[in-house]
Structures are given as C-alpha cells and as structure tokens.
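Everything in the sequence shown is counted per numbering that gives the first Met the number 0, starting at 0 for the first residue and increasing by one. Note that beta-carbon positions come from the ideal geometry of N, C-alpha and C, so glycine has one too. Below is one structure; the comments refer to it alone.
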Amino acid sequence: MPATTIDNVIRSLDGIIDWAWQQKSRAGYFAAFYRRVTRAVKDGIGSGHFQNGPRMERLDVVFANRYLQAFEQFRAAQPPTQSWQVAFAAASDWYPIVVQQLLVGMNAHINLDLGIAAATVAPGDQISGLQHDFNEINAVLAELVGTVEKEIGEVSPWIALLQTFGLRTEPRSSTST
C-alpha cells in the first residue's frame with residue numbers, strides 16, 4: 000500500500016532498513032540515507048522552510064512511493080524500472096563501496112523518479128512553482144553532507160581512511176579534531 004504521509008514514508012523506510020539489516024543486504028544503505036533526507040524534509044516543512052509545505056509533503060510522498068514501489072518489486076523478484084534494477088543489482092555485489100551504492104540509488108531516484116513526481120504534483124504550467132522549494136531541498140541536502148560523510152566513514156573503512164587524510168567534501172570546522 001503506498002504511503003500517504005511523510006510519517007508513512009519514514010515507517011516504510013524503517014521497514015526496509017530492518018529487512019536489510021536482517022538480510023545483511025547493502026540495499027539498506029540507500030534506505031538509511033533516504034530516511035535521513037526525508038526526516039530533514041519533514042523538519043523543514045514543520046519549520047516553514049518551504050514556500051508550500053503541504054505541496055512539498057505531497058511531492059515527498061509521491062517521490063518516495065516511486066522508490067518504495069521499486070524496492071518492493073525488487074524484493075518480490077519482479078522487475079522494477081531499469082534504473083532501479085541497476086541500483087538493486089549493485090547492492091547485491093560486494094565491490095561497489097558505500098558511496099558508489101548511494102550514488103547509483105540517487106541516480107535512479109533523482110534522474111527518473113523526481114521528474115515523474117514533480118510532474119504529478121505540479122502538472123503543466125504549475126511546474127515552475129516548485130523552483131523555490133527545489134532550491135530549499137538543495138539547501139537541506141547540503142546541510143546533511145558532513146553528517147552523511149561521517150556516517151559512511153563508520154561503515155566503510157576505505158572512506159574512513161580517506162577522511163583521516165583530510166579528503167572531505169566539506170572543510171573541517173574549527174571545533175573538529
């Protein structure tokens with residue numbers, strides 16, 4: 000059953016994360032990242048960061064349902080869209096590092112699902128009304144970069160090693176060690 004609220008989306012993502020943990024599946028990396036982003040969007044809606052909070056929630060839910068449906072198809076051994084098939088196949092292989100796993104999932108979700116979700120929520124001439132809130136989403140994502148890098152370093156020894164040598168996407172703050 001498709002999610003109808005952001006809270007439903009978060010619960011569905013929790014279910015995927017739990018399944019992935021039990022199955023020792025790398026498919027959980029994207030779900031965990033996506034859960035963090037969804038929580039940040041929910042917080043942004045609650046604090047009035049978006050021009051149209053109800054529309055942003057609807058966009059978030061429609062967008063998330065694309066991923067949730069693809070994941071359920073994958074789990075049921077039914078073919079999802081080609082882009083998700085590539086992402087889920089990569090999750091089954093041992094060699095992509097966590098960052099690559101996240102990127103292939105983001106590629107499937109952003110490059111296909113986002114356009115479909117945006118056109119569903121804001122059809123035709125209404126699409127330009129999403130620009131402000133799209134820019135706000137970019138700000139939300141930018142705020143998560145440092146946290147996500149740290150968390151990836153906790154599960155990926157190679158990324159942690161790179162971080163030790165200062166190879167980050169964000170400069171260290173003056174309070175970092």
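Query                                                                                                              : Result
Residue closest to ARG57, alpha-carbon to alpha-carbon, out of ALA26, ALA75, THR37 and TYR28                       : THR37
Runs of alpha helix (DSSP H) lying entirely within the segment 60 to 111, each at least 4 residues, in chain order : 81 to 91 and 97 to 107
CB of ILE5 within 9 Å of CB of VAL40, strictly                                                                     : yes
Proximal residues to ILE9 (C-beta, below 8 Å), its chain only, five neighbours per side dropped                    : ARG34, THR37, ARG38 and LYS41
Per-residue DSSP class, three states only, for THR37                                                               : helix
Nearest residue (CA-CA) to ARG25, options GLY123, GLU71, HIS131 and ASP92                                          : ASP92
Cβ-based neighbour list, ASN110, same chain, cut-off 8 Å, excluding 5 preceding and 5 following                    : SER82
THR176 burial status per 10 Å Cβ neighbour count (16 or more: buried)                                              : Confidence at THR176 is low in this model, with a pLDDT of 43, below 50, so its placement is unreliable and the value that follows should be read with caution. THR176 should be labelled exposed.
Cβ shell of ALA69 (< 7 Å), same chain only, five flanking positions each side left out                             : PRO79, THR80 and TRP83
Inter-residue spacing [alpha-carbon to alpha-carbon] between LEU160 and ASN106                                     : No answer about LEU160 holds up, because its pLDDT of 48 lies below 50 and its placement is not dependable.
7 Å Cβ shell around ASN64 - same chain, five flanking residues per side excluded                                   : PRO1 and ALA2
Inter-stretch contact at 8 Å, needing at least 3 Cβ pairs: the segment 97 to 106 / the segment 118 to 128          : no
Straight-line Cα distance separating PHE29 from GLY47                                                              : 27 Å
Environment of GLY43 [buried if 16+ CB atoms lie within 10 Å]                                                      : buried
PHE87 to ASP13 span [Cα, whole Å]                                                                                  : 18 Å
Same chain, Cβ closer than 7 Å to GLU71, neighbours up to 5 away in sequence not counted                           : none
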